[in-house]
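K.L.:
The structure's right below; bear with me while I get my questions together.
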Amino acid sequence: MDKMWVKGGAILNGQVKTSGAKNSALPIIFSSLLAEGKHVFFNVPDLLDISSTRNLLESLNCKTKYENSTLTVEVSYLNEPLAHYDYVRKMRASILCLGPLLARYKKAQVSLPGGCAIGSRPVNMHIEGMQGLGAQVEIKEGYIYASTPEGLRGATVLFDLPTVGGTENIMMAAVLAEGTTVIENAAKEPEIVDLANYLIKMGAKVQGAGTGVITIQGVKKLNPAEHTIIPDRIEAGTLLLAGAITGGDVTVLDCDPSDIEPLIIKLKESGFDIEVGESSVRVLPCASWRGVDIMTAPHPAFPTDLQAQFMALMTQAQGTSLINESVFENRFMHVQELTRMSANITPKTKVAVVRGNKGGLIGAPVMATDLRASACLVLAGLVAVGETVVSRIYHLDRGYEGLEKKLASLGANIKRVSE
Ligand code: EPZ
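This note's numbering applies: residue 22 is where the sequence shown begins, and numbers increase by one.
Listed below in structure tokens is the structure:
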């Protein structure tokens, strides 16, 4: 297993480009199951999760080809809509094939995704939504058995929480349902809008994506299309934080500044000067910054996927910050690893109290526990005194395309080492 070696002290300067958004590419690639034929996706990041998605699609009688960030998916008719545990256990987002398979084949057998480090990650709202559209669903031996012999029927689906994956799954089921579906309390993330845009290109009738109410008129058939995946806002935020934490001057290119508005606001509140361009964001050098409180919540609030990375920044702040993680029940595993680096953090249940101490991080061997915790530890290593070695960075490779190359291009002293 690879590790990431980082030597602290370099100040990052320069420009760096984001890749396509993992959390947009995944649902969009699964939506190709809704229409036979050749789908072409541009700006697809080269990630472990993309390879996992390709493997699952190939097990569903699809052919895929990936080169130069372009993914082609040839979808053929499927006799047995079965998403096997061996594939689903490698990537929880595989649950997103449930909606398309059920809509297209009127039945689906999809392995229940396991939990993961950051929380139990139930899919009850996905299942209740499918039942709302008329599907019979049974859970047996670790699988979801869903069927709707007469086809799905449009209905109003109300989510208790604005679930991103649940919204995406119901959208992909509803586009071929008979009649109108209204999703109430829908997730509003930019990735939802990107998925809606691709469904519309395939011929679906979707309105309201990006708001809390999405209305879908079912159609009989969809056709394959082409699409460019939006930039990854979480990677953009992570790269901006790498510049900020080292007191550097970093411009992140090919991003949509409005997608990381909450981060920009909090960085300014903390004392950073930020320049926003049409498709770029620049953080200017800052010698010292204040601790600020954040609370993660569904978009457009501060994204939970930037919580760990922001916490790394707050370990270097003047003063204390309260980091409130309201989305997932166990997304503080990076706290213990930061503590090994001498950070002063007190984790409560949903809130971590971070007492900033600039220059106080000491390099240490640490372990990545999940995707965004890995990024947090790399950022901490950039400013820690001495060397930090982050193990289990396969977590990082799930969601960041060549992060060490991007950081090294900005002047970071970082390299991947094989164990
Ligand atoms: C998506 O996960 C993202 N993953 C996550 O990114 C992101 O953290 C999350 O949305 C929140 O923004 C992808 O898009 C592939 P949710 P998802 O359904 O869809 C609870 C990353 O680092 N819930 O919005 O699984 C759930 O437990 C990953 O890139 C239910 O209780 O998130 C959580 O507490 C991590 N029942 C909350 O809702 C359900 O049926 C939000 O989950 C579904 C969710």
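For glycine and all other residues, C-beta sits at the position ideal for the given N, C-alpha and C.
Would you report the Cα separation of Glu171 and Lys242, rounded to the nearest angstrom?
P.N.:
The residue labelled residue 171 in the question sits at position 150 within the sequence shown. The residue labelled residue 242 in the question sits at position 221 within the sequence shown. If I take the Cα positions, the gap works out to 16 Å.
K.L.:
Compute the distance between the beta-carbons of Met354 and Asp391, then report whether it is under 8 Å.
P.N.:
Along the sequence shown, read from residue 1 onward, the residue named residue 354 stands at position 333. Along the sequence shown, read from residue 1 onward, the residue named residue 391 stands at position 370. For Met354 and Asp391, yes; Cβs fall inside 8 Å.
K.L.:
Please identify the residue among Gln357, Ala308, Glu88, Glu346 whose C-alpha is closest to the C-alpha of Ala338.
P.N.:
On the sequence shown, residue 338 is found 317 positions in, with the first residue counted as 1. Nearest option by C-alpha distance: Ala308.
K.L.:
In whole angstroms, what is the alpha-carbon distance linking Ser168 and Met388?
P.N.:
Indexing the sequence shown from 1 puts residue 168 at position 147. Indexing the sequence shown from 1 puts residue 388 at position 367. Distance between the alpha carbons of Ser168 and Met388 is about 42 Å.
K.L.:
DSSP has Met25 in a bridge; who is on the other side?
P.N.:
Against the sequence shown, residue 25 aligns to sequence position 4. Answer is Val411, Arg437.
K.L.:
Which term fits Met22, buried or exposed, when burial requires 16 or more other beta carbons within 10 angstroms of its beta carbon?
P.N.:
The residue labelled residue 22 in the question sits at position 1 within the sequence shown. The residue is exposed, with fewer than 16 neighbouring Cβ atoms inside 10 Å.
K.L.:
Taking 7 Å as the line, does the beta carbon of His147 fall inside it for any heavy atom of the ligand EPZ?
P.N.:
Start at 1 with the first residue of the sequence shown, and residue 147 comes out as number 126. Yes.
K.L.:
Would you call the CB atoms of Met414 and Lys24 closer than 8 Å?
P.N.:
Numbered from 1 along the sequence shown, position 393 holds the residue referred to as residue 414. Numbered from 1 along the sequence shown, position 3 holds the residue referred to as residue 24. Looking at the sequence provided, one finds Ile at residue 414 rather than Met. Yes.
K.L.:
Within the same chain, show all residues whose beta-carbon is closer than 8 Å to that of Ile366, passing over the 5 residues directly before and after it, in chain order.
P.N.:
As a first step, residue 366 must be located in the sequence shown, where it is residue number 345. Same-chain partners within the cutoff: Met332, Thr336, Val356, Leu359, Thr360, Ala373, Val374, Val375, Arg376.
K.L.:
Could you name the residues that DSSP lists as bridge partners for Ile50?
P.N.:
Here residue 50 refers to the residue found at position 29 when the sequence shown is read from its first residue. Partner(s): none; Ile50 has no beta bridge.
K.L.:
Hey, Thr91 and Lys59 are a contact pair by Cβ (cut 8 Å); roughly how many whole angstroms apart?
P.N.:
Locating residue 91 in the sequence shown gives position 70, counting from the first residue. Locating residue 59 in the sequence shown gives position 38, counting from the first residue. Going by Cβ atoms, the distance from Thr91 to Lys59 rounds to 12 Å, so no, they are not a contact pair.
K.L.:
In angstroms, rounded to a whole number, what distance separates the CA positions of Gly455 and Glu212?
P.N.:
Past the boundaries of the shown model lies residue 455; the chain is included only from 22 to 440, so the question cannot be answered.
K.L.:
Count the other C-beta atoms from every protein chain shown that fall within 10 angstroms of the C-beta of Ile204, then say buried if there are 16 or more, exposed otherwise.
P.N.:
As a working note, residue 204 is residue 183 in the sequence shown. With 16 or more other Cβ atoms within 10 Å, it is buried.
K.L.:
Classify Leu179 as buried or exposed, calling it buried when 16 or more other Cβ atoms lie within 10 Å of its own Cβ.
P.N.:
As a first step, residue 179 must be located in the sequence shown, where it is residue number 158. Exposed.
K.L.:
Ends of the beta strand (DSSP E) at Cys83?
P.N.:
Within the sequence shown, numbered from 1, the residue matching residue 83 stands at position 62. Here the beta strand (DSSP E) through Cys83 covers 83-88.
K.L.:
List, from N- to C-terminal side, the alpha helix (DSSP H) runs of 4 residues or more that fit wholly inside the stretch 359-415.
P.N.:
Runs of the alpha helix (DSSP H) inside the stretch 359-415: 392-404.
K.L.:
In the DSSP assignment, the alpha helix (DSSP H) including Asp215 goes from what residue to what residue?
P.N.:
As a working mapping, residue 215 is identified with position 194 in the sequence shown. Unbroken alpha helix (DSSP H) run through Asp215: 211-222.
K.L.:
Compute the distance between the beta-carbons of Asp70 and Ala114, then report whether it is under 8 Å.
P.N.:
Here residue 70 is taken as the residue at index 49 of the sequence shown, counted from 1. Here residue 114 is taken as the residue at index 93 of the sequence shown, counted from 1. Yes; because the gap between Cβ atoms is below 8 Å, this pair is in contact.
K.L.:
Starting from Arg174, follow its DSSP beta bridges and name the residues at the other end.
P.N.:
Residue mapping note: residue 174 aligns to position 153 of the sequence shown, counting from 1. Partner(s): Glu199.
K.L.:
Does the stretch 299-307 touch the stretch 267-278, meaning 3 or more C-beta pairs lie closer than 8 Å?
P.N.:
Output reads yes: the stretch 299-307 touches the stretch 267-278.
K.L.:
Give every residue of the same chain whose Cβ lies closer than 7 Å to the Cβ of Gly200, excluding the five residues on either side of it in the sequence, and list them in chain order.
P.N.:
Your numbering for residue 200 matches position 179 in the sequence shown. Cβ neighbours of Gly200 beyond the five flanking positions: Arg174, Gly175, Gly239.
K.L.:
For Glu159, which residues of its own chain have a beta-carbon under 6 Å away from its beta-carbon, when the five flanking residues on both sides are left out?
P.N.:
Against the sequence shown, residue 159 aligns to sequence position 138. For Glu159, where only same-chain residues beyond five positions count, the Cβ hits under 6 Å are Tyr166.
K.L.:
The alpha helix (DSSP H) spanning Asn145 covers which residue range?
P.N.:
Position 124 of the sequence shown, counted from the first residue, corresponds to residue 145. Note, Asn145: alpha helix (DSSP H), 145-153.
K.L.:
In terms of residues, what are the limits of the beta strand (DSSP E) holding Thr272?
P.N.:
Taking the sequence shown and counting its residues from 1, the one referred to as residue 272 is at position 251. 270-274 is the span of the beta strand (DSSP E), which, as asked, contains Thr272.
K.L.:
For the ligand EPZ, I want to know if Gly420 counts as a neighbour, meaning its beta carbon is within less than 7 Å of at least one of the ligand's heavy atoms.
P.N.:
In the sequence shown, the residue the question calls residue 420 occupies position 399. Checking every heavy atom of the ligand EPZ against the Cβ of Gly420, one is found closer than 7 Å.
K.L.:
Would you call the stretch 121-131 and the stretch 94-103 touching, i.e. three or more CB-CB distances under 8 Å?
P.N.:
Touching, yes.
K.L.:
Nearer than 7 Å: is that true of the beta carbon of Glu212 relative to any heavy atom of the ligand EPZ?
P.N.:
For the purposes of this step, residue 212 is taken as the residue at position 191 of the sequence shown. Yes, the beta carbon of Glu212 sits closer than 7 Å to at least one heavy atom of the ligand EPZ.
K.L.:
Closer than 7 Å to a non-hydrogen atom of the ligand EPZ - does that hold for the CB of Gly140?
P.N.:
What you label residue 140 is simply residue 119 of the sequence shown in a count that begins at 1. Yes; taking the cut-off as 7 Å, the Cβ of Gly140 has a heavy atom of the ligand EPZ nearer than that.
K.L.:
Per the DSSP calculation, Gly41 is bridged to which residue(s)?
P.N.:
Taking the sequence shown and counting its residues from 1, the one referred to as residue 41 is at position 20. Answer is Pro252, bridged to Gly41.
K.L.:
Among the candidates Lys427, Pro368, Cys397, Arg352, whose CA atom is the shortest distance from the CA of Ser141?
P.N.:
Counting from one through the sequence shown, the residue named residue 141 turns up at place 120. It is Arg352.
K.L.:
Taking only the alpha-carbon atoms, compute the straight-line gap between Pro319 and Glu57 and give it to the nearest angstrom.
P.N.:
Along the sequence shown, one-based indexing puts residue 319 at 298. Along the sequence shown, one-based indexing puts residue 57 at 36. The straight-line gap from Cα to Cα measures roughly 33 Å.
K.L.:
If the criterion is Cβ atoms closer than 8 Å, does the pair Val37 and Gly402 meet it?
P.N.:
Walking along the sequence shown from the start, residue 37 turns up at place 16. Walking along the sequence shown from the start, residue 402 turns up at place 381. It is not a contact, given that the beta carbons lie outside the stated cut-off.
K.L.:
Under 7 Å from any heavy atom of the ligand EPZ, does the C-beta of Pro143 make it?
P.N.:
Here residue 143 is taken as the residue at index 122 of the sequence shown, counted from 1. For the ligand EPZ, at least one heavy atom lies less than 7 Å from the Cβ of Pro143.
K.L.:
Name the residue from Ser439, Val438, Ala429 whose alpha carbon lies nearest to the alpha carbon of Ala31.
P.N.:
Numbered from its first residue, the sequence shown carries residue 31 at position 10. If we check each option's Cα against that of Ala31, Ala429 comes out closest.
K.L.:
Which one or two residues does DSSP pair with Asn64 in a beta bridge?
P.N.:
Position 43 of the sequence shown, counted from the first residue, corresponds to residue 64. Per DSSP, none; premise fails for Asn64.
K.L.:
Based on DSSP bridge pairs, tell me the residues matched to Met316.
P.N.:
Taking the sequence shown and counting its residues from 1, the one referred to as residue 316 is at position 295. The partner list for Met316 (beta bridge, DSSP) reads Asn345.
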